[in-house]
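Note that our numbering numbers the sequence shown so that position 246 is 1395, with each residue one more than the last.
Have a look at the structure below, then the notes.
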Amino acid sequence: MSDSPPRIGFVHIPKTAGMSVRAALQHHYPEGEVGVTRFDDRLFGAFTAYDTFAPSLRAETLLPGDPTPADAARPLQLGHLSLQGMCRLVPAERVVTFLREPRARLLSHHLYWAVRPADQNDAFGDYQVQRLATGGLEGFLTADAAAHQHDNLQCRMLVDEPRLIPRDRPIDPAHHAEVAAMALAALEHLGHVGLVEDPAMWTRLGAWAGLSLAPVRTNVTEAGEQPIRFGGPQLTPDVVAIVEARSAADLLLYRAMVARLLPRAGDPVAFADRQFVAQVERYGRVVATAEATRATRAAAAPADDPAEVPVATARLARWRRR
């Protein structure tokens, strides 16, 4: 292995173990060899009022019209950048990203925003879409203003095709297969693509990067960290159907990558469903514990029978049996 650290650009799709990957990679790079952690416009949908961002956040936001950043030559580049944004900084063959079971990722994303302290939104100026998560899952998923976050986000981060992927509303279901195929084709050009659910995730990443990577687990949203402002059942059968609709293109992409990267996992559909069931149960525990904490105004143990889990019992039981 060379004495100099390898050039890597990490496309961090939200809630795909990205903070863990970043921490593991940064361990091998001196501070002066790591670029600024960035965002780009793909993450903000149809929003354009970037001048309302706090100056520090605007400096970390790479827009299409911005010049190439001064630190672009640093070997490690990180951020919630689209694939196209990252490829302004790093050649595609040195780019890495990870996918996660899409419905599980979406529930995790909602929880993360739901418990986010309100003052952390201040730097985003007029962009306050994240606040929509605090009213509950259904409201978040049905808000077109948040479609760029809740609708097939993994495909959105990989594919730049406005004709098929509107920034202000969900993707037309008639285009899901085409969008997924385009995302799959985009992944073909990357240096490394992994799955969060792969037991060999760290080994494979380390082998590609030429680094000895220790598994890291960080930025996990847990019950009781922050108050959850909504209450009552979230995962009703109707809402589960919306979760599936908002994940349809991502699911096509994810299942294709499971078949390719985890051939021993068996049926990719059944494998994906098992990951979703596990996240549904965890989501239920977090919400139930938050409700108990709010009711008693004291720390409470996770409920044994969280309200979320039985809501779609028949469907979840069917997924478990696969």
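Virtual Cβ for every residue (Gly too), placed ideally from N, Cα, C.
Proximity winner among the options, relative to residue i (alpha-carbon distances)
i, options, result
"L1227", "Y1199, S1169, P1204, A1397", "S1169"
"K1164", "R1187, F1247, A1294, V1426", "F1247"
"P1218", "E1310, V1239, V1392, R1316", "V1239"
"D1501", "L1313, A1253, L1281", "There is no way to answer for residue 1501, as the model of the chain reaches only from 1150 to 1471."
"L1256", "A1405, T1438, A1397, V1389", "V1389"
"G1194", "Y1276, M1331, L1333, L1401", "Y1276"
"R1254", "E1393, R1409, L1362", "E1393"
Residue i, DSSP secondary structure in three states
i, result
"F1196", "coil"
"V1244", "strand"
"S1153", "coil"
"Q1226", "strand"
"V1342", "strand"
"A1456", "Unreliable placement is indicated for A1456, whose pLDDT of 46 sits below 50; the coordinate value is still reported in the next sentence. Note: A1456 maps to coil in three-state DSSP."
"A1448", "Residue confidence for A1448 is low, a pLDDT of 48 falling below 50, so the modelled location carries little weight; the figure read from the coordinates is stated next. Correct three-state label for A1448: coil."
"F1188", "strand"
"F1159", "strand"
"V1183", "strand"
"L1212", "coil"
"P1348", "coil"
Cβ pair residue i, residue j closer than 7 Å
i, j, result
"R1395", "H1299", "yes"
"A1241", "H1161", "no"
"V1328", "V1308", "yes"
"P1155", "G1359", "yes"
"I1391", "A1263", "no"
"D1190", "L1212", "yes"
"V1365", "A1172", "yes"
"R1237", "G1158", "no"
"F1420", "V1407", "yes"
"D1422", "Q1303", "no"
"V1183", "Q1175", "yes"
"L1333", "L1402", "yes"
"F1196", "T1210", "no"
Span separating the alpha-carbon of residue i from that of residue j
i, j, result
"L1336", "A1441", "43 Å"
"D1347", "L1354", "11 Å"
"L1192", "G1284", "21 Å"
"L1230", "H1297", "14 Å"
"P1311", "R1431", "35 Å"
"T1201", "D1317", "20 Å"
"A1356", "G1274", "41 Å"
"V1435", "D1152", "45 Å"
"G1288", "V1429", "18 Å"
"R1433", "A1166", "Checking the sequence shown, residue 1433 turns out to be Gly, not Arg. Going by the C-alpha atoms only, they are around 20 Å apart."
"P1382", "P1251", "21 Å"
"P1204", "D1271", "12 Å"
"R1265", "A1437", "17 Å"
"A1439", "P1224", "42 Å"
Near the ligand GTP: residue i beta-carbon under 6 Å from a heavy atom
i, result
"A1414", "Judged by which ligands are present, the structure shown has none, so any question about the ligand GTP falls away."
Could I get the ranges of all uninterrupted beta strand (DSSP E) runs contained in the region 1229-1315, with 3 residues as the minimum, in chain order?
The DSSP assignment places 1244-1248 as complete runs of the beta strand (DSSP E) inside the region 1229-1315, in order along the chain (cut-off: 3 residues).
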